[in-house]
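A.B. asks: Before we start, here is the structure in question, set down as structure tokens.
2 protein chains.
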Amino acid sequence: MPAYAVGLDLGATSIKAALVARDAGIVESMQVDTGARRGPDHVLGQLELAVRGLVGHVPTEHIQGIGVGAPGSVDLDRTTLIRPPNIHGWDRINVRQALRARLDCDWSIVVDNDANAAALGSAHYGAGRPYDDFIMVTLGTGVGGAIIVGNKVFRGTKGAAGEIGHMTIDYAGPQDRAGVAGAIEAYLGQRFLSSHARRRLDAHPDSVLYAMAGAELALLTPAMLAAAAEAGDTGAVEVLAWAGHKLGCVLGSCINLLDIRVVVVGGGISQAGAFILEPARQAILRYIKPGMHDGVAILRETLGNEAGMLGAAYLVFEHAHSHVSAARGT
Amino acid sequence: MPAYAVGLDLGATSIKAALVARDAGIVESMQVDTGARRGPDHVLGQLELAVRGLVGHVPTEHIQGIGVGAPGSVDLDRTTLIRPPNIHGWDRINVRQALRARLDCDWSIVVDNDANAAALGSAHYGAGRPYDDFIMVTLGTGVGGAIIVGNKVFRGTKGAAGEIGHMTIDYAGPQDRAGVAGAIEAYLGQRFLSSHARRRLDAHPDSVLYAMAGAELALLTPAMLAAAAEAGDTGAVEVLAWAGHKLGCVLGSCINLLDIRVVVVGGGISQAGAFILEPARQAILRYIKPGMHDGVAILRETLGNEAGMLGAAYLVFEHAHSHVSAARGT
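Protein chains in written order, with this note's numbering: chain A, 1 to 330; chain B, 331 to 660.
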């Protein structure tokens, strides 16, 4: 019987949803507004809407369940989403119960951190597919991370593993949003990187970025940096090399600790490709134990937004498999 | 049938060896010189000597095998020790084959990194016993590390996981022996810490450390620092607090990445107890994501030298168990 699941990527502004075939990937997808300011009930209603919009495409008995990737913490049972940032008034909600009640179903419903979902998507449908073990880092508003070991998410004791964004590369450095000094997010989080780029580019008034973003550079985006670098803009190339160096420093620490030597990079600024990844690779080699150089690789995730939806759906396939395995005693 | 194994802790200057009962711990122990300068054959002979000195204490059929903890790299099969520092002329030697030939036995023989062995010793006989998951850090000549997940060593893709010593806390900081800038070993490795202490204490000529180590402080040891702090010496207390802060910075990064919130600290300077561990604990809390504070603990390993021997022996018990499990299909 063909296996399908709905993957939901719950973001601050939109919910990206896909009907995913286990083997073939995305069959149908849609997007609805999160409406985060309207509170938890509204957001759950939007999740329900997305599921209802997708499940009609295949016979109900082929649907194995629903996976949800979300920002914030998730309990170890992977049913309850705890205080997702940006959703007003959401403390602890058992999303499995809430969606089952709304949809009047008993599908398997699994909730996980959005960084873990994106890494699972990469592991089974994206750049991570050739590797059993890799480190995923997602460069967006913040810096997200996840660890894949044996094609599964390594979750740690309480399920919060992979918080690369808060790892420090300078114990006396600038603070990230959580107040951690020298955390990599305080360099590569979107607001921090844009602000660094603005300062850096003030020395380059001839930069093509001025033409793109205006003299204030207030709207400087990762895509603009990537495009300007591609167009040969020295300032943009320097900013991306600076960012790549910082990224390589923290990834070096990750590789030293985990001995997982493959890194997959996703998120907006990863569009800059080699302009950021090659400086990162060079820094990694300088920040790891010399005996660990063999096999080091840093790759760009090209699935983009789809990684989160695919990985959320895969949470269901993986969950079903682990239950079957448990029943078989393997 | 009672289960025994010989645990060998192969150090640069001495081999510490114990006959270990699986449930009761060390039954007999002995120590022989490594004679590292006399080359691999001599060292293998010393290992043989230690085994022969111990196995006579119980009937041969009760001996399950020999475990070896050693500095340097070990292959994924855990049979071959690769370029251990300080042993002249040792490139790659299959220690299992070499010891089986010398002892004319077919015992199970397992080789692992000494930091991994110490962590296993802690997990099954020491401070780590109450915890399924913990991070072990050993502060000695260098800074060693290991990760215990589900009471087993997490080894990473190629078996080298746990290289905490090379993780950076300042991308522009001082270099460790391997050339990594800001690596924690460049602060807490014995030579680096002594040198920092010397500089720091030059401002405290009234320090009791002068009386202990002489005006040059050339022989300043971790034990002296601990004793001086215990005696109320301000300079020593400050140096240990400085060291604890640095330790907490790198452990914060480890906890962010792994979500393993218990840390066991071994090695010479851990004798300083709360003088180093309390500043480390405070720094950890400042360098981890605020949502991860719950359950953070940092403990001192009190097994001392015994951790390495016990853990080396446990490699054998664990190996035997995993073989039995595989045969049973579980």
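We put the CB at the ideal spot given by N, CA and C, even for glycine.
Given the structure is predicted, the values throughout are model-derived calculations rather than measurements.
Taking C-beta to C-beta, are B/ALA610 and B/GLY578 nearer than 7 Å?
C.D. replies: Between B/ALA610 and B/GLY578, the C-beta gap is smaller than 7 Å, which places the two residues in contact.
A.B. asks: Helix, strand or coil: how does DSSP classify B/ASP442 here?
C.D. replies: It is a strand residue.
A.B. asks: Less than 7 Å between CB atoms is the rule here; does A/MET212 satisfy it with respect to chain B?
C.D. replies: Between A/MET212 and chain B, the shortest Cβ-Cβ separation is not below 7 Å.
A.B. asks: Return the chain-ordered list of same chain residues with a C-beta closer than 8 Å to the C-beta of B/ALA294, the five sequence neighbours on each side being excluded.
C.D. replies: Nothing can be reported for residue 294 of chain B, as the shown portion of chain B is limited to 331 through 660.
A.B. asks: For A/SER14, which residues does DSSP report across the bridge?
C.D. replies: Answer is A/ASP33, bridged to A/SER14.
A.B. asks: What did DSSP end up calling A/SER73 once you bin it into helix, strand or coil?
C.D. replies: strand
A.B. asks: Starting from the Cα of A/TYR187, find the closest Cα among A/ILE66, A/ASP202, A/HIS245, A/ALA18 and give me that residue.
C.D. replies: It is A/HIS245 whose Cα lies nearest to the Cα of A/TYR187.
A.B. asks: What did DSSP end up calling B/ALA511 once you bin it into helix, strand or coil?
C.D. replies: Three-state DSSP puts B/ALA511 in a strand.
A.B. asks: On the CB-based measure, 16 or more other CB atoms within 10 Å of its CB, does B/PRO401 come out buried or exposed?
C.D. replies: buried
A.B. asks: If you drop the 5 nearest sequence neighbours on each side, which residues of the same chain put their C-beta closer than 8 Å to that of A/SER207?
C.D. replies: LEU201, ALA228, ASP233, THR234, GLY235, ALA236
A.B. asks: How is the alpha helix (DSSP H) around B/ILE614 delimited, first residue to last?
C.D. replies: 604 to 617
A.B. asks: Are the Cβ atoms of B/GLY489 and B/LEU588 separated by less than 7 Å?
C.D. replies: no
A.B. asks: How big is the Cα-Cα spacing for B/GLY598 and B/ALA650?
C.D. replies: Taking the straight line joining both Cα atoms gives about 32 Å.
A.B. asks: For the region 289 to 302 of chain A, which residues have a CB atom closer than 8 Å to at least one CB atom of chain B, in sequence order?
C.D. replies: LYS289, PRO290, GLY291, MET292, ASP294, GLY295
A.B. asks: So if I threshold CB-CB distances at 9 Å, which residues from the region 256 to 285 of chain A count as touching chain B?
C.D. replies: ASN256, LEU257, LEU258, ASP259, ILE260, ARG261, VAL262, ALA283
A.B. asks: Which runs of the alpha helix (DSSP H), 4 residues or longer, sit entirely within the region 102 to 155 of chain A?
C.D. replies: 114 to 125
A.B. asks: Start and end of the beta strand (DSSP E) containing A/THR80?
C.D. replies: 80 to 82
A.B. asks: Going by the CB atoms, is the gap between B/GLY486 and A/ILE260 shorter than 7 Å?
C.D. replies: Contact: yes.
A.B. asks: Using a C-beta to C-beta distance shorter than 8 Å, which residues of chain B count as neighbours of A/SER73?
C.D. replies: GLY621
A.B. asks: Are the beta-carbon atoms belonging to A/ALA115 and A/GLY144 less than 7 Å from one another?
C.D. replies: yes
A.B. asks: Please check the pair A/ALA21 and A/PRO2, which I expect to be a contact at CB under 8 Å, by giving their CB distance rounded to whole angstroms.
C.D. replies: 6 Å
A.B. asks: For A/GLY244, would you say it is in contact with chain B, using Cβ-to-Cβ distances shorter than 7 Å as the test?
C.D. replies: Taking Cβ atoms only, chain B never reaches closer than 7 Å to A/GLY244, which makes this a no.
A.B. asks: Hey, quick one: how far does the alpha helix (DSSP H) through A/LEU220 stretch, first residue to last?
C.D. replies: Per DSSP, A/LEU220 belongs to no alpha helix (DSSP H) and is neither H nor E.
A.B. asks: Hey, out of B/VAL593, B/GLY641, B/THR632, whose CA is closest to B/TYR461's CA?
C.D. replies: B/VAL593
A.B. asks: Pick helix, strand or coil for A/GLY266, following the three-state DSSP scheme.
C.D. replies: strand
A.B. asks: How close, in whole Å, do the beta carbons of B/LEU450 and B/VAL398 come, if the pair is a contact with beta carbons under 8 Å?
C.D. replies: With 8 Å as the limit, B/LEU450 and B/VAL398 do not qualify as a contact, their Cβ atoms being about 12 Å apart.
A.B. asks: Excluding sequence positions up to five away, which residues of its chain have a Cβ less than 8 Å from the Cβ of A/LEU303?
C.D. replies: GLY121, SER122, TYR125, GLY126, ALA127, GLY266, LEU310
A.B. asks: Taking the alpha carbon of A/HIS293 as the reference point, which residue from A/SER270, A/GLU301, A/GLY252 has its own alpha carbon closest?
C.D. replies: With respect to the C-alpha of A/HIS293, the residue from A/SER270, A/GLU301, A/GLY252 having the closest C-alpha is A/GLY252.
A.B. asks: What's the gap between the Cα of A/LEU10 and the Cα of A/HIS57?
C.D. replies: Distance between the alpha carbons of A/LEU10 and A/HIS57: 21 Å.
A.B. asks: Give the residues from the region 470 to 493 of chain B that approach chain A closer than 9 Å (Cβ to any Cβ), ordered along the chain.
C.D. replies: For the region 470 to 493 of chain B, which is checked against every Cβ of chain A, the residues closer than 9 Å are GLY475, ILE477, VAL479, PHE484, ARG485, GLY486, THR487, LYS488, GLY489, ALA490, ALA491, GLY492, GLU493.
A.B. asks: Considering just the uninterrupted stretch of the alpha helix (DSSP H) at A/ILE255, what are its terminal residues?
C.D. replies: 234 to 258
A.B. asks: What is the DSSP secondary structure of A/ILE169, reduced to helix, strand or coil?
C.D. replies: coil
A.B. asks: DSSP on A/VAL20, reduced to helix/strand/coil?
C.D. replies: It is a strand residue.
A.B. asks: Give the residues from the region 165 to 196 of chain A that approach chain B closer than 9 Å (Cβ to any Cβ), ordered along the chain.
C.D. replies: GLY165, HIS166, MET167, THR168, ILE169, ASP170, TYR171, ALA172, GLY173, ALA178, GLY179, VAL180, ALA181, GLY182, ALA183
A.B. asks: May I ask you to list the residues that DSSP assigns as paired with A/GLY311?
C.D. replies: In DSSP, A/GLY311 forms no bridge with anything.
A.B. asks: Between B/ARG658 and the rest of its own chain, which residues show a CB-CB distance below 8 Å, the 5 nearest in sequence each way excluded?
C.D. replies: Residue placement at B/ARG658 is poorly supported in this model, since its pLDDT is 49, which falls under 50; the coordinates still yield a value, given next. Excluding residues within five positions, none has a Cβ falling inside 8 Å.
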